[in-house]
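A.B. asks:
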Amino acid sequence: MSLLRIENLSLSIHSVEILKRVNLSIAPGQIVAVTGESGSGKSMTALAVMQLLPNGAQVSGSVLLEDQNLLTLSEPKMCTLRGASVGMVFQEPMTALNPVKNIGDQVMETILIHKAMSRSQAQARAQEVLTRVGLPQDRFPLSRYPHELSGGQRQRVVIAMAIALRPKLLIADEPTTALDVTTQAQILDLLKGLVREFGMGLLMITHDLAVVADMADKIVVMRHGEVVESGATTDLLHNMQHPYTRMLFKASGHQVTLPERPQPQPLLEVRNVIRTYRLPRKGLFDIPEHHRAVDNVSFALNRGERLGLVGESGCGKSTLTKAILGLDEVQAGEIRLDGQAVFSGHKPNLAVRRKMHVVFQDPYGSFNPRHRVARLIAEPFHLLETPPTGSERQDRIAEMLRAVGLSPDDADKYIHEFSGGQRQRIAIARALVIQPELILFDEAVSALDVSVRAQILDLLAELCATYSLTYLFISHDLSVVRTITDRVMVMQAGKIVEEGETEQVFAQPKHPYTQSLINAAPTLPEISDNVA
Amino acid sequence: MLRYTLKRLISLLISLMVASVVIFMVIEVAPGDPASFMLGVNAQEDTLVALRAELGLDVPKVQRYFNWVSGMLVGDFGTSYTYRTPVSQMIADRLWVSLPLALYALALSTLIAFPAGIYAAARRGKPGDLTVMGATQLGIAVPNFWFAMMLVLIFAINLRWFNAGGFAGWENGLWTGLHSLTLPAIALALPQAAILARVMRSSLLDILGEDFMRTARAKGVSRRQALWRHGVRNALIPVLTIIGLQFSFLLAGSIIIEKVFYLPGLGRLVFQAISARDLIVVESVVMLLVFAVITVNFLVDLAYAAVDPRLRSRT
Chain A
1 MSLLRIENLS
11 LSIHSVEILK
21 RVNLSIAPGQ
31 IVAVTGESGS
41 GKSMTALAVM
51 QLLPNGAQVS
61 GSVLLEDQNL
71 LTLSEPKMCT
81 LRGASVGMVF
91 QEPMTALNPV
101 KNIGDQVMET
111 ILIHKAMSRS
121 QAQARAQEVL
131 TRVGLPQDRF
141 PLSRYPHELS
151 GGQRQRVVIA
161 MAIALRPKLL
171 IADEPTTALD
181 VTTQAQILDL
191 LKGLVREFGM
201 GLLMITHDLA
211 VVADMADKIV
221 VMRHGEVVES
231 GATTDLLHNM
241 QHPYTRMLFK
251 ASGHQVTLPE
261 RPQPQPLLEV
271 RNVIRTYRLP
281 RKGLFDIPEH
291 HRAVDNVSFA
301 LNRGERLGLV
311 GESGCGKSTL
321 TKAILGLDEV
331 QAGEIRLDGQ
341 AVFSGHKPNL
351 AVRRKMHVVF
361 QDPYGSFNPR
371 HRVARLIAEP
381 FHLLETPPTG
391 SERQDRIAEM
401 LRAVGLSPDD
411 ADKYIHEFSG
421 GQRQRIAIAR
431 ALVIQPELIL
441 FDEAVSALDV
451 SVRAQILDLL
461 AELCATYSLT
471 YLFISHDLSV
481 VRTITDRVMV
491 MQAGKIVEEG
501 ETEQVFAQPK
511 HPYTQSLINA
521 APTLPEISDN
531 VA
Chain B
533 MLRYTLKRLI
543 SLLISLMVAS
553 VVIFMVIEVA
563 PGDPASFMLG
573 VNAQEDTLVA
583 LRAELGLDVP
593 KVQRYFNWVS
603 GMLVGDFGTS
613 YTYRTPVSQM
623 IADRLWVSLP
633 LALYALALST
643 LIAFPAGIYA
653 AARRGKPGDL
663 TVMGATQLGI
673 AVPNFWFAMM
683 LVLIFAINLR
693 WFNAGGFAGW
703 ENGLWTGLHS
713 LTLPAIALAL
723 PQAAILARVM
733 RSSLLDILGE
743 DFMRTARAKG
753 VSRRQALWRH
763 GVRNALIPVL
773 TIIGLQFSFL
783 LAGSIIIEKV
793 FYLPGLGRLV
803 FQAISARDLI
813 VVESVVMLLV
823 FAVITVNFLV
833 DLAYAAVDPR
843 LRSRT
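In the order they appear, the protein sequences are chains A and B. Heads up, the first sequence is in this note's numbering, so the first residue is 1 and it goes up one at a time. Heads up, the second sequence is in this note's numbering, so the first residue is 533 and it goes up one at a time.
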């Protein structure tokens, strides 16, 4: 007997078709993972079950929760089901909690809004569930506010709210996407444990196939609002029917071959760099304390080498990146590119800065929406003493667009006309246009869908061969770093704890922190035989 | 919270000190001698000296600054150059009109704006929202003296519910006093309420789009409950800022309304003092207003912290 049965669910928003005849079912105690790339309709499927769809949504078909069709229920009736029979956990734990209410009130609200218990009982239950999700009362009393908790802890609070009334069905929409790998592993374990303990059904929405393969009893693959394939996890992994499913899994584990490195010849030298931030004063007359974001870091990057930098959020990756780019002055140590300091006399050295460029994570936020692509790509020209003009300039722009797989005609378009992957290509074109000695990729493929990510990685490998790039690739995604770099550094709490040839570090990590990172990262199962 | 309050308090005192120095310098150190202005061009030298001594103008400027500040601390603002009466007495009389009027107008403005703003936000894009927004547009566009004239026409001349002007004083009871301030307070409050309602609406709409509102809905909280439980308090920060600014404006900026309703308020006092070059009165009123603005900002800061726990823990 199934707990949730979605039958022929179709959804359109302002007459744009979002879901097309979606079917899926979940039994009690079962974990069903819905996966697919952005725009596949997986989140909308979840919201349709909750009946929390955006305005203008038109649904047809049926969503049966224990034979009760949720689509025909009135809004007040739905309110009695939400939180009590169906709980939901969201992607972004940093914003999912009300900042002005303490966690106790927020967990108790789930209970009190359904008038399930008296206030004192509700308080006891809130304490109990918070303890169950790993926030014991001695360290996390009910009076804590969300801003006093880390992302992983906040996600635990959200889970506690969702399970406070022991719902039969739990929906988790990308519950670990915003979290670090070690935190992700803990949250996934927690969810699995709760499903087992309470016999809940879990509808899990995620784009991460490694997580899917690791967690789910059943997998549903969606594309463009349609279910393209579904089945029990082991069956599906061993016998993929649909080409899209195969493509997805293949792209997730995508490997590229980088060209050989040239003879070692140092380009970037970072020596004993320390970057500290002043913390707010504790008391009015106290001496403020300092936080060392980058703690005595030294490394060298050779010309033509591809170096990776991995670590969890807050480890100092971004601070180090800013220091290398000369955007931020360091308190001690020196950073030299080609023998020249990036910062001299409290001012960034422009002669050095023009030899570096950066590609950021967010393909949507890193362009001025009012400029045409030609102007966006040509922007770094102002760093040159004699910027190219006229047809030379046009030719350079056209060459770059071709190099990143776009057409020279795209130069006259605006950025909103491009997809995320295409924008990241434009960002790479912008980084390459003055042929810098060094490129920094700061989480440059983290926001992309797997298939697009695979294409961008291919593009990078290609560009490495054509332009013999030297780059520093900063990422939290271990599988990407493993294929796209020659050497890798692991950073923890401002320090580089391990450094070495990429393959060697991943195959035989020496430092316990590297080991824990690699163990926590979910891995794709071996599927190469069926995919070929 | 205690540390936060203490820090705000220290910043309040520093602001007051800086403000007093700036006001003193601009007005006192500027060229011109109040004594010769008061006695005219034909004044005798010894009369001038005597008057300067009487006004305390014959001591060095630094000394005069400290005399002025220490005087204010004990409530002695000096003597008006034109009326020859204590400035503190003049200000106190006017303050008994202006302060209640400002508070009255602010209370009315908040009482109108909060429900209107929340109502409009809850019905975004629907006829109710459009009506409220249209009304606020009008409230901002029409000057408050026009409202004042219309109120007089309707409620004083036609309906005879209120007097057309003047202030009855507090001696005849709280009700009589409030009654005579009602029309001016409404005239002052309407444009302010229009602005405040728009701020409330847009601030609340921002909050309604936040992730935690969706979380609340997923818990089984209805749309309306979510608005009240999670929306309004989060939307208050920008609204409090505007309320603080409005109070400062209402306290001194109501001169036109005071004129229309013939009220003996602070605005008119400043106006008269400026026309008569009665610098000591101007100086004192300006200082008083600065004090009021800074105090209100301090109270608004405390209100922020009461609303938002993140500010409480930040030191």
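Note that the Cβ used here is the ideal one computed from N, Cα and C, for glycine as well.
Tyr513 of chain A by DSSP, collapsed to three states: which one?
C.D. replies: Helix, per DSSP.
A.B. asks: Mind checking Leu545 of chain B: buried by the 16 CB within 10 Å criterion, or exposed?
C.D. replies: Exposed: under 16 other Cβ atoms inside 10 Å.
A.B. asks: Is Ala27 of chain A closer than 8 Å to Leu3 of chain A when the C-beta atoms are compared?
C.D. replies: Yes, they are a contact pair.
A.B. asks: Hey, how far is the Cα of Gly709 of chain B from the Cα of Glu128 of chain A?
C.D. replies: Rounded to the nearest angstrom, the two C-alpha atoms are 58 Å apart.
A.B. asks: Taking the straight line between their C-alpha atoms, what separation do you get for Tyr512 of chain B and Gly104 of chain A?
C.D. replies: Examination of residue 512 of chain B is not possible in this model, given that chain B is present from 533 through 847 alone.
A.B. asks: Taking the Cβ atom as the reference point for each residue, do Val802 of chain B and Val814 of chain B lie within a distance shorter than 8 Å?
C.D. replies: It is a contact, given that the beta carbons lie within the stated cut-off.
A.B. asks: Do Ala323 of chain A and Pro352 of chain A have their beta-carbon atoms positioned less than 8 Å apart in this structure?
C.D. replies: According to the sequence as given, residue 352 of chain A is Val; it is not Pro. Contact: no.
A.B. asks: Let's see if you can read the secondary structure: which residues bound the alpha helix (DSSP H) around Gln394 of chain A?
C.D. replies: Element bounds for Gln394 of chain A: 390 to 403.
A.B. asks: Between the alpha carbons of Gln576 of chain B and Lys593 of chain B, how many angstroms are there, rounded?
C.D. replies: Looking at the two C-alpha atoms, the distance is approximately 24 Å.
A.B. asks: Could you check how far apart the C-beta atoms of Ile769 of chain B and Asp840 of chain B are, in whole angstroms? I think they sit under 8 Å.
C.D. replies: Indeed they touch by this definition, with Cβ atoms about 6 Å apart.
A.B. asks: Please look up how many angstroms separate the CB atoms of Val16 of chain A and Ile6 of chain A, rounded, as I've assumed it's under 8 Å.
C.D. replies: Actually they are not in contact, since the Cβ atoms of Val16 of chain A and Ile6 of chain A sit about 20 Å apart, beyond 8 Å.
A.B. asks: Give me the residue from A:Gln137, A:Ala84, A:Val133, A:Tyr145 with the minimum Cα distance to Ile117 of chain A.
C.D. replies: The question names Ile, yet the displayed sequence has Met at residue 117 of chain A. When each option's Cα is compared against that of Met117 of chain A, the closest is A:Ala84.
A.B. asks: Nearest-angstrom Cα distance between Lys495 of chain A and Pro363 of chain A?
C.D. replies: So the alpha carbons of these two residues sit roughly 29 Å apart.
A.B. asks: Roughly how many whole angstroms lie between the Cα atoms of Asp555 of chain B and Met819 of chain B?
C.D. replies: In the sequence as displayed, the identity of residue 555 of chain B is Ile instead of Asp. So the two alpha carbons sit approximately 7 Å from each other.
A.B. asks: May I ask you to list the residues that DSSP assigns as paired with Thr276 of chain A?
C.D. replies: DSSP output for Thr276 of chain A lists A:Arg292 as bridge partner(s).
A.B. asks: As an exercise, report each continuous alpha helix (DSSP H) stretch of at least 4 residues that is fully enclosed by the region 713 to 781 of chain B, in chain order.
C.D. replies: Runs of the alpha helix (DSSP H) inside the region 713 to 781 of chain B: 743 to 750, 755 to 758.
A.B. asks: What alpha helix (DSSP H) runs, 4 residues minimum, are completely inside the region 94 to 150 of chain A?
C.D. replies: Segments of the alpha helix (DSSP H) lying fully in the region 94 to 150 of chain A: 103 to 113, 119 to 132.
A.B. asks: Measuring CA to CA, which of A:Asp189, A:Ala46, A:Val256 is closest to Gln455 of chain A?
C.D. replies: If we check each option's Cα against that of Gln455 of chain A, A:Val256 comes out closest.
A.B. asks: Counting pairs of Cβ atoms below 8 Å between the region 604 to 617 of chain B and the region 680 to 689 of chain B, do you hit three or more?
C.D. replies: Short answer: they don't touch.
A.B. asks: Go ahead and label Leu350 of chain A buried or exposed: buried means 16 or more other beta carbons lie within 10 angstroms of its beta carbon, across all protein chains shown.
C.D. replies: Exposed, since its Cβ has fewer than 16 Cβ neighbours within 10 Å.
A.B. asks: Could you check the C-alpha separation between Ala493 of chain A and Ile274 of chain A for me, to the nearest Å?
C.D. replies: Taking the straight line joining both Cα atoms gives about 12 Å.
A.B. asks: Over the uninterrupted alpha helix (DSSP H) stretch that includes Leu202 of chain A, give me the two end residues.
C.D. replies: Element bounds for Leu202 of chain A: not the alpha helix (DSSP H) but the beta strand (DSSP E), 201 to 205.
A.B. asks: Counting only runs of 4+ residues fully inside the region 794 to 826 of chain B, write out the alpha helix (DSSP H) ranges in chain order.
C.D. replies: Whole alpha helix (DSSP H) segments, 4+ residues: 798 to 807.
A.B. asks: Pull out every residue of the region 766 to 799 of chain B whose Cβ sits closer than 7 Å to any Cβ of chain A, in chain order.
C.D. replies: Going along the region 766 to 799 of chain B in chain order, one finds Asn766 with a Cβ nearer than 7 Å to chain A.
A.B. asks: By Cβ distance, which residues of its chain are closer than 6 Å to Glu289 of chain A, with the 5 residues on each side in sequence left out?
C.D. replies: Around Glu289 of chain A: Leu279.
A.B. asks: With DSSP as the reference, label Met356 of chain A as helix, strand or coil.
C.D. replies: Of the three classes helix, strand and coil, the one that applies to Met356 of chain A here is strand, per DSSP.
A.B. asks: Can you tell me the Cα-Cα spacing of Leu571 of chain B and Met622 of chain B, whole angstroms?
C.D. replies: Taking the straight line joining both Cα atoms gives about 22 Å.
A.B. asks: Taking 8 Å as the CB-CB limit, is Phe90 of chain A close to chain B?
C.D. replies: True, the Cβ-Cβ gap to chain B drops below 8 Å.
A.B. asks: Buried or exposed: which applies to Trp600 of chain B, given that a residue is buried once 16 or more other Cβ atoms fall within 10 Å of its Cβ?
C.D. replies: With 16 or more other Cβ atoms within 10 Å, it is buried.
A.B. asks: Roughly how many whole angstroms lie between the Cα atoms of Leu432 of chain A and Pro380 of chain A?
C.D. replies: Spanning the two alpha carbons is a distance of roughly 9 Å.
A.B. asks: I want to see whether chain A comes within less than 8 Å of Asp743 of chain B, judged by CB atoms only; does it?
C.D. replies: Yes, because at least one Cβ of chain A sits closer than 8 Å to the Cβ of Asp743 of chain B.
A.B. asks: Check this for me: beta carbons of Arg761 of chain B and Leu52 of chain A, under 8 Å apart or not?
C.D. replies: No, these two residues do not count as a Cβ contact at 8 Å.
A.B. asks: Flag Glu109 of chain A as yes if its beta-carbon sits less than 8 Å from any beta-carbon of chain B, otherwise no.
C.D. replies: Chain B, which has a Cβ nearer than 8 Å to the Cβ of Glu109 of chain A, makes this yes.
A.B. asks: For the putative contact between Phe793 of chain B and Pro716 of chain B, defined by C-beta atoms under 8 Å, what is the C-beta separation to the nearest angstrom?
C.D. replies: Confirmed, about 5 Å.
A.B. asks: What residues from chain A crowd round Thr537 of chain B, counting only those whose CB sits closer than 8 Å?
C.D. replies: Ordered by position in chain A, no residue passes the 8 Å Cβ test against Thr537 of chain B, which lies about 12 Å from the chain.
A.B. asks: Run through DSSP, which three-state label would Phe343 of chain A get?
C.D. replies: In the structure shown, Phe343 of chain A sits in a strand (DSSP, three-state: E or B).
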